[in-house]
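Numbering (UniProt numbering), first residue to last: 1 to 304. A virtual CB, placed ideally from N, CA and C, is assigned to each residue, including glycine. Values in this document were obtained by computation on a predicted structure and should not be read as measured data.
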């Protein structure tokens with residue numbers, strides 16, 4: 001569908017496909033107003049979007065409901081400003097549109113399914129936590145193992161929260177780091193985080209959150225975050241650009257670092273989850289100034 005119109009919405013030209021969708025003909029639609037065919041609830045949004053057309057950026061895409069002869073249909077429009085006045089405001093524009101109603105319906109169904117999945121995952125984690133509490137209660141076990149187990153469950157729940165916010169389409173690495181560091185509390189000045197905007201595939205999110213949780217737990221108990229003067233820097237970047245992502249965890253100012261004599265669950269999770277689930281590699285360096293962990297994994301084919 002093609003429609004050319006003035007800034008006030010007056011239609012200058014439509015093609016046959018546009019007219020057929022409205023059950024009319026091109027001649028009859030010439031002189032009508034474009035806004036007659038934009039669903040009322042979308043008009044403000046469409047108007048605000050069209051205001052973004054400038055001589056520097058004369059094109060943009062808008063999705064809105066189009067009032068056709070058969071009812072409202074979702075349509076994707078590619079809008080192009082054709083002329084501007086002396087003040088840089090567009091005076092004539094042309095829109096080319098395609099029907100995307102079926103796609104929007106599938107997106108709505110997917111959103112419902114993701115919402116149900118999130119609800120079930122959260123409920124399952126709550127059940128597991130309740131079962132653990134009932135199982136361990138009165139068993140004479142030390143408090144620390146039970147607390148560690150609940151903290152890991154909380155980290156797992158945080159990973160799913162991050163996935164939920166992104167509708168399981170991938171998660172910003174900054175959000176993953178934030179969830180992995182929840183055990184450290186909010187806005188700890190001893191922790192610095194930096195790196196470019198990176199979208200991590202959904203199947204890598206849980207693993208990274210859990211790895212970062214274990215590193216943060218260790219730093220809080222034994223490492224740089226166990227003392228006031230310690231610090232942790234988390235940085236990431238591409239190496240080579242666009243192919244692998246490298247995340248580095250560097251501790252400074254904590255107690256003297258000694259390599260563990262044996263691997264516990266946390267150490268195994270850090271060193272084994274990335275190679276097995278992300279196809280990457282982990283390097284642990286127990287340097288005198290603090291632990292240095294280097295995590296690298298490919299951004300393509302992650303988890304395959």
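A distance of 7 Å or more separates the beta carbons of residue 216 and residue 269.
Runs of the alpha helix (DSSP H) lying entirely within the segment 189-247 and spanning at least 4 residues, in chain order: 202-221. Taking all protein chains shown into account, residue 287 has fewer than 16 neighbouring C-beta atoms within 10 Å of its C-beta and is therefore exposed.
Rounded to the nearest whole angstrom, the C-alpha separation of residue 234 and residue 252 is 12 Å.
Among the bridge pairs identified by DSSP, residue 4 is matched with 13 and 94. In the DSSP assignment, residue 66 falls within the unbroken beta strand (DSSP E) covering 59-68. Membership of residue 176 in the alpha helix (DSSP H) is indicated by the continuous run 173-180. In this model, residue 112 and residue 40 are separated by some 25 Å (Cα to Cα).
Below 8 Å, too few C-beta pairs join the segment 267-283 and the segment 164-174 to call them touching: fewer than three. DSSP places residue 280 outside any alpha helix (DSSP H), giving it a letter other than H or E. In this structure, DSSP gives residue 39 a state outside helix and strand, which the three-state scheme calls coil. Counting C-beta pairs with one atom in each stretch, the segment 80-95 and the segment 53-61 have three or more that are closer than 8 Å, which means they touch.
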